[in-house]
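Protein chains: 2
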Amino acid sequence: MDKIFAKHNNTKELILDAAEALLQDRGFSAFSYHHVAQQLGVKNAAIHYHFPSKADLGTALIRRYRARFRDYTRTLERENADPISKLECYFAIPASYLQNGRKICPLGILEAEFNAIPEPMQLESRLLDKEMRDWLAGVIGEGRSLGVFSFEGSAVGKVLVVAAALQGVLQITRVAGPQVFAATIEQIKRELGIF
Amino acid sequence: MDKIFAKHNNTKELILDAAEALLQDRGFSAFSYHHVAQQLGVKNAAIHYHFPSKADLGTALIRRYRARFRDYTRTLERENADPISKLECYFAIPASYLQNGRKICPLGILEAEFNAIPEPMQLESRLLDKEMRDWLAGVIGEGRSLGVFSFEGSAVGKVLVVAAALQGVLQITRVAGPQVFAATIEQIKRELGIF
DNA sequence: GTCTATAACGTGATAGAC
DNA sequence: GTCTATCACGTTATAGAC
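In the order they appear, the protein sequences are chains A and B.
The first sequence begins at 1 in the working numbering and counts up one residue at a time.
The second sequence begins at 196 in the working numbering and counts up one residue at a time.
Put into structure tokens, the structure is as follows:
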């Protein structure tokens, strides 16, 4: 679980950490180089040295989300985790966002602002969504064929409902309070036949 | 259904129409008075005449969403619509957003940008969420007690999963294409026991 | 009610010193 | 690698003419 928020010491990673927090807190359009610089105690020119344009920063951010998710799932694979454990780990991601200051799913904000973000970020967002949803489809399909998950309909539809509900409920939390998250997770589990 | 996108002739409503489209297309931070003015063929000072500050414009926008939803549900009540019809009408709202240029749920963008929007807009967003989710809870509870809906778990959890999934899938549509919407609706219906 | 003009500010970005 | 200084631009907002 530590790996989800692993921190590093070099400046580039610290910039990404600050930008990541700002992205999931305020959105892409609403955070600036000045915000990032302030949080690190440097001037905005220092940020431009590491990431010349905001598109560069945003793209690097999404690439890091992708790499992190890939590493995370590979670790689960190496440990031969069962479908239920994998699903719990998947739920742990939004749960950690919520606990960390009511942050929302990065894909949620990127998709919501989709028509206002640079094209390279749009492309990376597509890849992040595909990779995460494909992985979840594998877990849910595997769990169903092993008999640990039970649900009606297609696996594709089920994956969409689960992924969309998690993304949506993190946002709803902002206006309705954190208790809606637990209620949603419980309902999702129930509808996967996990008691 | 016409009422969802009812148009009017006075300038104030035309401004709100343009701003509404921009909000659901680009988000609040990423649209400007200039964008609105351009779409109406006027100068931005004209917009400031009707809505002095951007917070005023945003707040009026959300108030209009609330009024529209209230009128819509009252009409359904007056027509003695059954729970299934009501649910179909509820699904018709995001469906119309999708068809109208892949717009997303206004609550989705407002919640995603929540920490970057003016406080009056935050308050109105809370009310909009509460009103919509309370209404949906009534429909789902009524349908369950009438035996037309069947599902496991609590009605509160069910409402959250349905509302969050719809909000989320409109966003996912942006990166994954419109076909994911139909698949999600189908899955949601199946899990409500509607065949 | 809409216009022109302009102010005040924040933002993304660059040049060049250290 | 970070700084100061500065630029060009978009944005919110206001004043006053029409």
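Positions of the beta carbon are idealized from the N, C-alpha and C atoms, including for glycine.
Q: Tell me whether B:G303 sits in a helix, a strand or coil according to DSSP, three-state version.
A: Within the second sequence, residue 303 of chain B is the residue found at index 108, counting from 1. Judged by DSSP in its simplified three-state form, B:G303 adopts helix.
Q: At 7 Å on the CB atoms, spell out the chain B contacts of A:R126, in chain order.
A: Working through the first sequence from its first residue, we reach residue 126 of chain A at position 126. Taking a Cβ-Cβ cut-off of 7 Å, the neighbours of A:R126 in chain B comprise V370, given in sequence order.
Q.
For A:R190 and A:A155, what's the separation of their Cα atoms in angstroms?
A. The count along the first sequence starts at 1 and reaches residue 190 of chain A at position 190. The count along the first sequence starts at 1 and reaches residue 155 of chain A at position 155. A:R190 and A:A155 have their alpha carbons spaced roughly 16 Å apart.
Q. Rounded to whole angstroms, how far is the Cβ of B:R269 from the Cβ of B:E326, which I believe are closer than 8 Å?
A. Here residue 269 of chain B is taken as the residue at index 74 of the second sequence, counted from 1. Here residue 326 of chain B is taken as the residue at index 131 of the second sequence, counted from 1. In fact, because the Cβ distance is near 12 Å, the residues do not count as touching under 8 Å.
Q | Beta-carbon contacts of A:L136 that lie in its chain and below 8 Å, excluding the five residues immediately before and after | A | Looking up residue 136 of chain A in the first sequence gives position 136. Closer than 8 Å at Cβ, skipping near neighbours: Y90, V159, V162 and A163.
(Q) Please classify B:S291 as buried or exposed, where buried requires at least 16 other C-beta atoms within 10 Å of its C-beta. (A) Working through the second sequence from its first residue, we reach residue 291 of chain B at position 96. Exposed, because fewer than 16 other Cβ atoms sit within 10 Å of the Cβ of B:S291.
**Q.** Contained alpha helix (DSSP H) runs [length at least 4] in the stretch 294-379 of chain B, N- to C-terminal order
**A.** Segments of the alpha helix (DSSP H) lying fully in the stretch 294-379 of chain B: 301-307, 314-341 and 350-371.
Q: Quick one: list the residues of chain A neighbouring B:D324, beta-carbon separation under 7 Å, in chain order.
A: Along the second sequence, one-based indexing puts residue 324 of chain B at 129. The answer, in chain order, is I172, V175 and A176.
Q: Mind reading off the beta-carbon distance from B:P301 to B:A250? Whole number of angstroms is fine, and I expect it under 8 Å.
A: To locate residue 301 of chain B, count along the second sequence from 1; it is residue 106. To locate residue 250 of chain B, count along the second sequence from 1; it is residue 55. Contact between B:P301 and B:A250 does not hold, since the beta-carbon distance rounds to 16 Å and is not under 8 Å.
Q | Beta-carbon spacing of B:L271, B:G338 below 9 Å | A | The residue you call residue 271 of chain B lines up with position 76 of the second sequence. The residue you call residue 338 of chain B lines up with position 143 of the second sequence. No; because the gap between Cβ atoms is not below 9 Å, this pair is not in contact.
Q. Who are the Cβ neighbours of B:F264 in its own chain at under 8 Å, not counting the five residues just before and after it?
A. Position 69 of the second sequence, counting from 1, holds the residue named residue 264 of chain B. In chain order, L323, E326, M327 and W330 place their CB closer than 8 Å to the CB of B:F264, counting only its own chain and leaving out the 5 sequence neighbours on each side.
**Q.** Straight-line Cα distance separating A:L170 from A:E186
**A.** The residue labelled residue 186 of chain A in the question sits at position 186 within the first sequence. The residue labelled residue 170 of chain A in the question sits at position 170 within the first sequence. Rounded to whole angstroms, A:E186 to A:L170 spans 14 Å at the Cα level.
Q: Could you check what DSSP says for B:V237 in three-state terms: helix, strand or coil?
A: The count along the second sequence starts at 1 and reaches residue 237 of chain B at position 42. Coil, per DSSP.
Q | Proximity of B:G363 and A:G108 at Cβ, strictly below 9 Å | A | Walking along the second sequence from the start, residue 363 of chain B turns up at place 168. Walking along the first sequence from the start, residue 108 of chain A turns up at place 108. In contact: B:G363 and A:G108 (Cβ atoms closer than 9 Å).
Q | Selection of the stretch 331-355 of chain B by Cβ proximity to chain A, strictly under 8 Å | A | Correct list: F346, E347, G348, S349, V351, G352, K353 and L355.
**Q.** C-beta neighbour in chain A for B:R261, strict 9 Å
**A.** Here residue 261 of chain B refers to the residue found at position 66 when the second sequence is read from its first residue. False, the Cβ-Cβ gap to chain A never drops below 9 Å.
Q. The alpha helix (DSSP H) with A:F69 in it runs from where to where?
A. Along the first sequence, one-based indexing puts residue 69 of chain A at 69. Unbroken alpha helix (DSSP H) run through A:F69: K54 to R78.
Q) For A:D25, which residues in chain B fall below 7 Å Cβ to Cβ? A) Translated into the one-based positions of the first sequence, residue 25 of chain A becomes position 25. Within chain B, the residues near A:D25 are N310.
Q | Cβ neighbour criterion (16 or more within 10 Å) applied to B:S280 | A | Counting from one through the second sequence, the residue named residue 280 of chain B turns up at place 85. Exposed.
Q. Any idea if A:A45 is buried or exposed, counting beta-carbon neighbours within 10 angstroms, 16 or more meaning buried?
A. The sequence position of residue 45 of chain A within the first sequence is 45, counting from 1. By the neighbour-count rule (16 or more Cβ atoms within 10 Å), A:A45 is not buried but exposed.
Q. On the three-state DSSP scale, how would you describe B:L211?
A. Position 16 of the second sequence, counted from the first residue, corresponds to residue 211 of chain B. Assignment of B:L211 by DSSP, reduced to helix, strand and coil, places it in the helix class.
(Q) Against chain B, does A:A18 count as a neighbour if the rule is that its beta carbon must be under 9 Å from one of theirs? (A) Here residue 18 of chain A is taken as the residue at index 18 of the first sequence, counted from 1. For A:A18, the answer is no, since every Cβ of chain B falls outside 9 Å of its Cβ.
**Q.** DSSP state of B:D220 mapped onto helix, strand, coil
**A.** Here residue 220 of chain B refers to the residue found at position 25 of the second sequence. Judged by DSSP in its simplified three-state form, B:D220 adopts helix.
Q. According to DSSP, is B:F286 helix, strand or coil?
A. Reading the second sequence from its first residue, position 91 is the one you call residue 286 of chain B. Three-state DSSP puts B:F286 in a helix.
Q) Is the beta carbon of A:L14 within less than 8 Å of some heavy atom of the ligand ADP? A) Among the ligands in the structure shown, none appear at all, so the ligand ADP cannot be discussed.
Q) What do you reckon, are the CB atoms on B:A307 and A:I62 nearer than 9 Å? A) As a working mapping, residue 307 of chain B is identified with position 112 in the second sequence. As a working mapping, residue 62 of chain A is identified with position 62 in the first sequence. Taking 9 Å as the cut-off, the beta carbon of B:A307 is found no closer than this to the beta carbon of A:I62.
Q: Tell me whether B:D212 is buried or exposed, calling it buried when 16 or more other Cβ atoms sit within 10 Å of its Cβ.
A: Taking the second sequence and counting its residues from 1, one reaches residue 212 of chain B at position 17. Under this definition B:D212 is a buried residue.
**Q.** Burial state of A:Q24, where buried means 16 or more other Cβ atoms lie within 10 Å
**A.** Here the question's residue 24 of chain A lines up with position 24 in the first sequence. That one is buried.
Q. Among B:F246, B:N275, B:G372 and B:K238, which has the Cα closest to the Cα of B:Q294?
A. As a position in the second sequence, residue 294 of chain B is number 99, starting the count at 1. Here the closest residue by C-alpha is B:G372.
Q | Proximal chain B residues relative to A:E119, where beta-carbon distance stays under 9 Å | A | Here residue 119 of chain A is taken as the residue at index 119 of the first sequence, counted from 1. Under a criterion of Cβ atoms nearer than 9 Å, no residue of chain B is adjacent to A:E119; the nearest Cβ is some 13 Å distant.
Q. What is the DSSP secondary structure of A:S96, counted as helix, strand or coil?
A. In the first sequence, counting from the first residue as 1, residue 96 of chain A sits at position 96. Assigned with DSSP and collapsed to three states, A:S96 falls in helix.
(Q) Between which residues of its own chain and A:V180 is the CB-CB distance below 8 Å, once the five residues before and five after are set aside? (A) The sequence position of residue 180 of chain A within the first sequence is 180, counting from 1. Within the same chain, and ignoring the five residues on either side of A:V180 in sequence, the residues whose Cβ sits closer than 8 Å to its Cβ are V169, I172 and T173.
Q. In three-state terms, what does DSSP make of A:S85?
A. Here residue 85 of chain A corresponds to residue number 85 of the first sequence, with the count starting at 1. Helix at A:S85.
Q: Under 6 Å Cβ to Cβ from B:S345, same chain only, skipping five residues before and after it: list those, please.
A: For this step, residue 345 of chain B is matched to residue 150 along the second sequence. If we look at B:S345 and ignore the five residues flanking it on each side, its Cβ neighbours are G388.
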